[in-house]
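**Student:** Residue numbers -33 to -1, 1 to 992, in mature numbering (1 follows the signal peptide of the UniProt record, and there is no 0), belong to the letters of the sequence shown in order. All residues carry an ideal CB built from backbone N, CA and C; glycine is no exception. Can you keep this structure in mind? I'll have questions shortly.
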Amino acid sequence: MNPRRAAGRRTFVLGALSAAVVGALLGPLPQAAAEDAAEVVIPAKPSQIAHGALLLHTDPAYGPTGAGLTGALHYEEAADRLNQDFLWTRYSDGRSFEVPDARTFNGGSNGEDAQVWLQDGTVHIRDAATGTQQTVAIPPDAVYNATYGTTVVAYATAPNAEGQERIVRTDYLRPDGDNVSLPLAAPDGSKQGLPVAADARHFATRITHQDGTARWRLLDRETLEPAGETAPVPSDYSRVAMGSSYIAFFKKERSRTVLVVPRNDIGAQPVEVTLETGLDTYMPQGLSVVGDWLVYVTVYNVVMAAPINGGEPVQLLFDSMDDLSRTSDGAAVVTGGRRPGDWAIRRITGGTDGPPTVSVVKQLPVWPVRVNGLSLAHGRLHYAEGTPAYTRTEWTRTLSVGPGTPTYSDASKVTRYLGLGPCPAADTACAQLHLTGDGRSVAVSPPSTMEIADRSSNYERVTVPAGAQITDALGNYVLYTDPATNRQTVHQIGKGKLFDRAATAAALWDHDVWVPGSQPGTVAQLRATDGTKRTETAIGAPCVPAELQVNAHWIYYACPDAGPAGVYDRTTKATVSVPSGDALLGDGYLVTHDKAAGHLRLRNLTDGTTRTIGDLPDTGRTQRHIRWTVDRFGGSVAYVDEAERIHVVPTGVTASPVAAVQVTGSEDLVLGKDMATLPGHFNAILTKPVSSWTFSVVRGGEDTAVYTRTGGEARGRLRVDWNGKDSGGKYMRDGVYIWTLTATPADGRGAPLTDDGGIILKGNSHRREHIWPAGTTRTNAPDMLTLNTRGEFTFHRGTGTGGYATTGKVSGGGWPQTAKAVPFGDLNGDTCNDVLVQIGDELRAYRPACGGALASTTPYTKLSTGWSKYNLLTSPGDMTNDGRPDLLARESATGDIYLFAGADGGKLAARTKIRTGWAAYNLISGAGDLNGDGFGDLLTRHTDGTLYWYAGLGTGQFKERVKIFSGWGGSYTSLVGAGDITGDGKADMVVRDKNGVLYRNNGDGKGGFSSKTQLATGWTYVGLF
């Protein structure tokens, strides 16, 4: 249903009702001139990123640290790529030197000016300041551990009694051969491990005494004789920071507590200092002892200093790279600052009085920010900014679209999963930025990811072949080409690959892929969903085009090898020649990059006039969608100058009348329960922005709108939904409705866009669906509710094909067998069936969650009492034409039928007698709408075996009965108006005989039914509802 013509029009017809679409895609040609408007220049954005300089490890426990006595080893981002070389930067003048043999470099020498690498069992030590080099050989039975200055530490192992390797000896090796080996067991019986820290005076090594206590021992750097020992220190304080006056011990992780002892009284009881790190379990990073202060980095990368002897901590640096590294003379080095222009390698030394002093070693430059990706659609400007070494950030600005000089909004960031990767200068496929025209942008992020993002921070990442290039993008479709395989793929956003084909010139417009036709000079339209050829058009090209661009009124072609190019007018069928070269097609104009002159030239396609609109030097590569772009949706041209300013240039060409492409919408026949999930009654991409729109709905045959909605400016995709309710929020009764949309162009040029369509609304007031399998698409098939002898209500899932599934049932217990249930439609707006239950004298409204069980413990609302006098309850749906389900009850004593009309809040109005003396009917069931008039109907079986249909009038009453079957159903014990269980849009009937056999009679949509079809056996339930 819902037919649409190729131009995006549709017609809805039902009996005498019709709605024709106005406003086809092809309107009058653009006028030759629009009112003058000046270009606007968007200033370049200052850089927000400074060069990074990352020091080596912050703690010897994790690797050799980089901060030395006269300079620091670090990585620094180079001008064209990250981590180009290791550098050593001198403190005295900030001068940096490349580290030789960086590929074999192992690191620094833990707080001193040496560069160290290990090769073939020999440690090479190069003095960073003088360049002199020394070597130390590792004994054959030893393993290299670390280097401190020019002292190399190695160790030897041997198996213990259990056969496990254990350290038995530590070697302190020097270039002059003055080596010392210390056994694991010291003369006093203690066990002495490897050093974990050192400064200019001592090594710090962990020892364990015979009594099991753990302490720290200092060894003289020259003699390696013991120079002091701490009091017992808990074994989990396994890290050491040595300062000129104090030594600090701290844990490996998840603690901000530090133990400190003075160097002049190392055996004193450690003092506990708790640091403010920003998180209770966050370990201070890069902990250093500088004078009488503990210097460290918090969880927020702030560099702090805490006084050892009590007092408030102070902030030394607002931000850092979390790379604080201590030196062997009681200082520290870090990279940080407050902002990009203040970013530097800094040295922290002890102050003469007060906190440590922070001085700049080397100021780090700010990266130049360059626009490397540019696109424009519907007055929404997107551009990707980045630096050579960092990911690009996509920004968007909104341009005004009315008459006059455009204005622009502040920039907003487009959120992507990982940002757009940096693009090499030669990689134009990577740099290009494309807009789909409906608010989404598409780009390739190297090496093989296509990223699609919208303005609401939604994104999709698609793996594509390395080197793939986006050829075009429009609405739901992206067309990309793989040069390596010469294949072209059509991707549907959110769904995936539709089809691929041999690569040719190609463009997207509406629901088609436009490609060269079967003969030179022709183009063919392929259906974007499957590649089926729809039609072919001669465009007057003297070749098989190597490039195509298409919009509502024009087709641009370019022949191979810089051959002829032209533009075909889809309305007049005329072709004009245009200069060859890089070109982009707009609405009524073409922009060409004159690379020889370094200009952008705009040609008015209506009158043939041309003018230069900006300067753009040739780079030897295409700059389309990188440094210049056009708005093919009735907008301007944009380009970037050498100062990284973005120029927005109005074209002076009047855009075509507003139309709609890629039109989609809801089906004409809609079940009320589906309204909330429809794809939009009007859902299309506008060919240019509109300033306002109105959407109204009338019931077929009536003139007064039951629902009206208005909106302001709309760009790109306009989607308008109707939820089946009137303007007051009430659900509309079933029936035929006609909607109309009118949209006014924002530029004031051309007629408004008008579109309309029809909807048949059914089932709003008689819902029975409740469950569906987890992880599957909802079928909206009605379910059956039963009560068994165990006191369990069970929802039996409708299959949607005429029966009930044997799996996926949902049961809830705790009910008396006398309970009567009435599936009563949706009371709480979750689109799932709610249930009225009579227990004794009380009527309750239960609202189980979608897919949930109906148990006695399910939350309910007590409606009223006095219900024990009724022997039958049922709901036909909406009998009163107010969009609410209604309830019928039969009084036991009289057989009279009472209507309890549905009221606000899921309540019931006072009863109204509508029939008398119905005791002769032994089966009665609400049936929903059997004839499509939107009103709830009723089925009854007389004791003489006649089945009758009572058609609802919408007034709370029924028409006179109509006989359906005679001599019918003598063995039937249950009759249920089951709703449309076959999925044909017509309400059906389900019956059960005395043997528990279940049957279905298909509704014909006119109040009649087919002969029975057996569905199941063994349905010996107490009740069916």
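Expressed to the nearest angstrom, what Euclidean distance is found between the alpha-carbon atoms of D439 and D479?
**Tutor:** 12 Å
**Student:** In the DSSP assignment, what are the bridge partners of F932?
**Tutor:** L914
**Student:** Measuring only the C-alpha atoms, how far is M271 from D289?
**Tutor:** Here the alpha carbon of M271 sits roughly 12 Å from the alpha carbon of D289.
**Student:** So, at 7 Å on beta carbons, what are the nonlocal neighbours of A298 in its own chain, with the 5 sequence-adjacent residues on each side left out?
**Tutor:** V257, R314, I315, T316
**Student:** Nearest to A918 by CA position, among L897, P107, G818, is which residue?
**Tutor:** L897
**Student:** Would you mind working out which of R857, R62, G35 sits nearest E43, comparing C-alpha positions?
**Tutor:** The candidate whose alpha carbon is nearest that of E43 is R62.
**Student:** Assuming contact is defined by CB atoms lying nearer than 7 Å, are residue 994 and Y606 in contact in what I supplied?
**Tutor:** One cannot answer for residue 994 here, as it falls past the ends of the chain, which runs -33 to 992.
**Student:** Figure out for me which residue from D554, W595, R537 has the closest Cα to the Cα of G565.
**Tutor:** W595
**Student:** Please name the residue, chosen from V83, K329, T124, that lies closest to T118 on a Cα-to-Cα basis.
**Tutor:** V83
**Student:** Check for me: the beta strand (DSSP E) holding T675 runs from which residue to which?
**Tutor:** Residues 672 to 678.
**Student:** Would you kindly work out how many angstroms separate the C-alpha atoms of W986 and D750, rounded to a whole number?
**Tutor:** 15 Å
**Student:** Using a Cβ-Cβ cut-off of 6 Å (strictly less than) and excluding sequence neighbours within five positions of H737, which residues of its own chain qualify?
**Tutor:** D750, F762, C799, N800
**Student:** Could you give the distance in angstroms between the alpha-carbon of M218 and the alpha-carbon of V135?
**Tutor:** It should be noted that the sequence gives Lys, not Met, for residue 218. Spanning the two alpha carbons is a distance of roughly 26 Å.
**Student:** What's the C-alpha gap between T661 and V445?
**Tutor:** 31 Å
**Student:** Just to confirm my understanding: we take I233, look at its own chain, exclude 5 residues before and 5 after, and list those with CB closer than 6 Å. What are they?
**Tutor:** Scanning its chain for C-beta atoms nearer than 6 Å, with the 5 sequence neighbours on each side dropped, one finds around I233 the residues G195, T197, in chain order.
**Student:** Note down the Cα distance separating A876 from S831, rounded to an integer number of angstroms.
**Tutor:** 11 Å
**Student:** What three-state label does DSSP hand N453 in the structure shown?
**Tutor:** Here N453 sits in coil by DSSP.
**Student:** Below 8 Å CB to CB, which residues in the same chain sit around E192 once its five sequence neighbours on both sides are set aside?
**Tutor:** L186
**Student:** Tell me whether the beta-carbon of L331 lies closer than 7 Å to the beta-carbon of A713.
**Tutor:** no
**Student:** Can you give the Cα-Cα distance for residue 1001 and Y204, rounded to whole angstroms?
**Tutor:** The question about residue 1001 has no answer here: the residues shown for the chain are numbered -33 through 992.
**Student:** So A868 and G923 are supposed to be a Cβ contact under 8 Å. How far apart are they, rounded?
**Tutor:** 6 Å
**Student:** Which stretch, first to last residue, makes up the beta strand (DSSP E) that contains T579?
**Tutor:** Here the beta strand (DSSP E) through T579 covers 577 to 582.
**Student:** What does the Cβ neighbour count give for G668, buried or exposed, with the cut at 16 atoms within 10 Å?
**Tutor:** exposed
**Student:** Please list the terminal residues of the continuous beta strand (DSSP E) segment that includes T372.
**Tutor:** Careful: T372 lies outside any beta strand (DSSP E) and carries neither H nor E.
**Student:** Buried or exposed, going by whether 16 or more other CB atoms sit within 10 Å of the CB of Q805?
**Tutor:** buried
**Student:** Contact check, D549 vs N518 under 8 Å by CB: the rounded distance?
**Tutor:** With a Cβ gap of about 18 Å, D549 and N518 do not count as contacting.
**Student:** Just reading off the beta strand (DSSP E) that A627 is part of, what are its end residues?
**Tutor:** 627 to 631
**Student:** Nearest to A870 by alpha carbon, out of P852, H614, D863?
**Tutor:** Among P852, H614, D863, the Cα nearest to that of A870 is on P852.
**Student:** E79: buried (16+ other C-beta within 10 angstroms of its C-beta) or exposed?
**Tutor:** buried
**Student:** Tell me, to the nearest whole angstrom, how far the beta carbon of P450 is from that of A433; I am working on the premise that it is less than 8 Å.
**Tutor:** Going by Cβ atoms, the distance from P450 to A433 rounds to 10 Å, so no, they are not a contact pair.
**Student:** Confirm, please, whether the CB-CB distance from A235 to V207 is below 7 Å.
**Tutor:** no
**Student:** Just to check my reading of the structure: L22 and S295 have Cβ atoms closer than 8 Å, yes? What is that Cβ distance to the nearest angstrom?
**Tutor:** That belief does not hold up - the Cβ atoms of L22 and S295 are roughly 15 Å apart, past 8 Å.
**Student:** Is A215 closer than 7 Å to S202 when the C-beta atoms are compared?
**Tutor:** no
**Student:** Using alpha carbons as the reference points, say which of V266, V616, A435, T707 lies closest to D286.
**Tutor:** V266
**Student:** Check the C-beta distance from A81 over to G116 and give it rounded, since I have them as a contact under 8 Å.
**Tutor:** 6 Å
**Student:** Between which two residues does the beta strand (DSSP E) holding A983 run?
**Tutor:** 976 to 983
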